[in-house]
Amino acid sequence: MEELNQLLKQRRQKAQELSDMGVELYANDFKPTHSISELLPHKETIPEGADHTAGPRFTIAGRIMAMRKFGKAAFLQLQDASGKIQIYIKRDAVGPDVYTHFKKLDIGDIAGFTGTLFITKTGELSLMASVLKPITKSLLPLPEKFHGLTDVETRYRQRYVDLIVNPEVKETFKKRIEIISLIRDFLNNRGFMEVETPMMHPIAGGATAKPFQTHHNALDMELYLRIAPELYLKRLLVGGFEKVFEINRNFRNEGLSTRHNPEFTMLEFYQAYATYHELMDLTEEMVSWIATEITGSMQVTYQGENVDLAPPWKRLTMVESLVQIGGIPLETLQDKEKTFALAKEKGIDLDENVGLGKAQTELFELLVEDKLIDPTFITAYPTEVSPLARRNNDDPTVTDRFELFITGREIANAFNELNDPIDQKQRMEQQIEERGDDEEIFPILDKDFIRALEYGMPPAAGEGIGIDRLVMLLTDSPSIRDVILFPHLRPEKN
RNA sequence: GGGUCGUUAACUCAGCCGGUAGAGUAUCUGCCUUUUAAGCAGAGAGUCGCGCGUUCGAAUCGCGCACGACCCA
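Numbering (my numbering), first residue to last: 1 to 494.
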């Protein structure tokens, strides 16, 4: 028998006492007639000082969040999914037996009440209870009412408690769900079709990242949790679906930070016969619309910084951004030796085999990225860092690609898709060669993907948007863990 | 992987130049039928994250470990 502390013993004892009185501790037959939020508008129509017992009766259920007990009466705060309301319960109204049951209830218990609405002396809408029904006994005490639960470790490990006691946390996750729903609406309205592609891949492709590995017993084969859905969505373009999207988890076996969780949610969408310019337009429209729906404005504040999401957004090539924002002379950027020298001076360690484009990209990440607060599309990414993107017709050293940055963070990545199977195969092989010594990245050529391209993939543009980061922006959340219900943590002791 | 900070009652936190562990909330008891961080009076509640060391004596000092946060890679 485990040793229980005093508080836990007391709760168990009260539960036993209630049970002994014939009260069902975990009742399953209670039906509220109303949600709490449905009662709140009545405040406007009930005259102050009106008869407590007059008016229609309502039945509600929820968790008791606070109790202010007097000898033979008490006020409670009851919380359900929709809101909170005060309950007034007095012995004379419910009878001595029920009042005895009530005295055995604790903060945290779930209970149902039937009663009439009235306004208290202090002007608060309240339910005068005539019926009380204990529904679920809580054996663990909730955190303190005033400070709530602030210990982040407990908040993440026991998100259910966090959600009970911290209303703003619940709001953030409601917004997350709403954002995803708005994305679906937006894309569905434009004729995109939502699809589901495999989460377990025989080859981890579509991005460069370390995958999680698993094993399929019946087929006796290794499988990888997907690092990106890209190659499957493109197969669907080959198959004739011209506008597809998928919103789901990607898994990357890499470090954790305020911006990285090993599983994260990605929107990817592909549109045949479109170009990345059209996707920039679409992205501006979608994100600014969602911001308006969620926050009421296209001007949002993120961690004290003002961000203007109103279109049109700034569009710069990577080289332009290095000149304008990074302060690097164009002449330097066009010369491989000078660029490498500058990179070295800035403390960037570059392999001798890499090209000018890689060096530019590193300089961009170091000098420009975190200065892009208002939304900015960076275009013309070097080909050598864009293995799946189509080369630019006029300058084959860069691709028809953009990344979108807001508050210094990468939010989206998009490009005209490479649909030349010969070029694609060569570039994949080159990638494999370059990362060949990193054993955890599993360099395997996806021959079936090449075969699909050989059948002919229509010209298309595709984009990925990191949903977690978008939600962070629109909910002013400093850490990705604040927008993921159950973020990854090491296991608890014991 | 490196650095900094943190871990004390169920929760929020004090205590830390070493000397038998404290507050508020919550809980329990008594009083209280319009309170809203209700009030008044009283009480109980702790492996001070874990381990080793220094010391007559460690929540406090040192080392190691665990978990977490932030920053860096």
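We put the CB at the ideal spot given by N, CA and C, even for glycine.
Here the structure is a predicted model, which is why all the values come from computation and not from measurement.
Identify the continuous beta strand (DSSP E) that holds residue i and give its terminal residues.
i: phenylalanine 415; result: 409–416
i: arginine 249; result: 243–251
i: methionine 199; result: Counting along the chain, methionine 199 falls outside any beta strand (DSSP E), and DSSP gives it neither H nor E.
i: isoleucine 378; result: 376–379
i: glutamate 403; result: 401–406
Buried or exposed for residue i, going by 16 or more other Cβ atoms inside 10 Å?
i: arginine 451; result: exposed
i: tyrosine 88; result: buried
i: tyrosine 381; result: buried
i: valine 483; result: buried
i: histidine 216; result: exposed
i: methionine 1; result: The predicted position of methionine 1 is uncertain, since its pLDDT is 32 and thus under 50; a value taken from the coordinates is nonetheless stated next. Exposed.
i: glutamine 271; result: buried
i: aspartate 370; result: exposed
i: serine 386; result: buried
i: alanine 228; result: buried
i: leucine 474; result: buried
i: arginine 12; result: exposed
i: phenylalanine 449; result: buried
i: glutamate 48; result: exposed
i: glutamate 492; result: exposed
i: tyrosine 276; result: buried
i: isoleucine 444; result: exposed
i: lysine 137; result: buried
i: aspartate 400; result: buried
i: alanine 341; result: exposed
i: glutamate 168; result: exposed
i: tyrosine 26; result: exposed
i: methionine 21; result: exposed
i: proline 375; result: buried
i: phenylalanine 486; result: exposed
i: asparagine 416; result: buried
i: asparagine 413; result: buried
Pull the bridge partners of residue i from the DSSP assignment, please.
i: leucine 76; result: Met67, Ile87
i: glycine 112; result: Ala61, Lys133
i: tyrosine 270; result: Val244, Gly462
i: methionine 193; result: Val244
i: asparagine 306; result: Thr301
i: methionine 221; result: His216
i: serine 126; result: Gln86, Phe118
i: valine 354; result: Looking at the DSSP assignment, valine 354 forms no beta bridge with any residue, so it has no partner.
i: leucine 18; result: In the DSSP output, where bridge partners are listed per residue, leucine 18 has none listed.
i: alanine 389; result: Glu417
i: glutamate 263; result: Phe251
i: threonine 317; result: Thr379
i: serine 35; result: In DSSP, serine 35 forms no bridge with anything.
i: tyrosine 26; result: Thr136
i: serine 257; result: His260
Under 8 Å by Cβ, that's how I've got residue i and residue j pegged, so tell me the actual separation to the nearest angstrom.
i: phenylalanine 192; j: valine 238; result: Not really, about 17 Å apart at Cβ, beyond 8 Å.
i: threonine 54; j: valine 94; result: It should be pointed out that residue 54 corresponds to alanine in this sequence rather than to threonine. Wrong, their Cβ atoms sit about 18 Å apart, outside the cutoff.
i: arginine 157; j: leucine 372; result: Between leucine 372 and arginine 157 the Cβ distance is about 35 Å, and since that is not below 8 Å, they are no contact.
i: threonine 197; j: leucine 233; result: 6 Å
i: threonine 116; j: arginine 57; result: 6 Å
i: glutamate 284; j: threonine 407; result: About 16 Å separates the two Cβ atoms, so there is no contact after all.
i: leucine 333; j: leucine 322; result: 6 Å
i: serine 477; j: threonine 172; result: 6 Å
i: alanine 125; j: lysine 43; result: Checking the sequence shown, residue 125 turns out to be leucine, not alanine. So it is a contact: roughly 4 Å between Cβ atoms.
i: alanine 291; j: alanine 460; result: That pair is no contact at about 27 Å.
i: isoleucine 85; j: isoleucine 110; result: About 15 Å separates the two Cβ atoms, so there is no contact after all.
Looking at the secondary structure, which residues open and close the alpha helix (DSSP H) in which residue i lies?
i: leucine 342; result: 336–345
i: threonine 397; result: Per DSSP, threonine 397 belongs to no alpha helix (DSSP H) and is neither H nor E.
i: lysine 447; result: 447–455
i: histidine 101; result: 96–103
i: valine 161; result: 159–165
i: leucine 4; result: Note, leucine 4: premise wrong, no alpha helix (DSSP H); not H, not E.
i: arginine 235; result: 230–239
i: glutamate 293; result: 276–295
Taking 6 Å as the cut-off, is the C-beta of residue i nearer than that to any heavy atom in the ligand SAM?
i: aspartate 281; result: As far as ligands go, the structure on display features none, and thus does not contain the ligand SAM.
- Quick check: the segment 236–250 against the segment 265–285, are there 3 or more CB pairs under 8 Å? yes
- Query: Quick check: the segment 67–83 against the segment 99–113, are there 3 or more CB pairs under 8 Å?
  - Reply: yes
- Kindly confirm or deny that the segment 162–173 and the segment 139–148 touch, where touching means at least three C-beta pairs closer than 8 Å. yes
- Counting pairs of Cβ atoms below 8 Å between the segment 315–328 and the segment 352–370, do you hit three or more? yes
- Does the segment 417–434 come within contact of the segment 167–184, defined as at least 3 CB pairs closer than 8 Å? no
- Query: So does the segment 306–318 actually touch the segment 344–352, counting three or more Cβ pairs closer than 8 Å?
  - Reply: no
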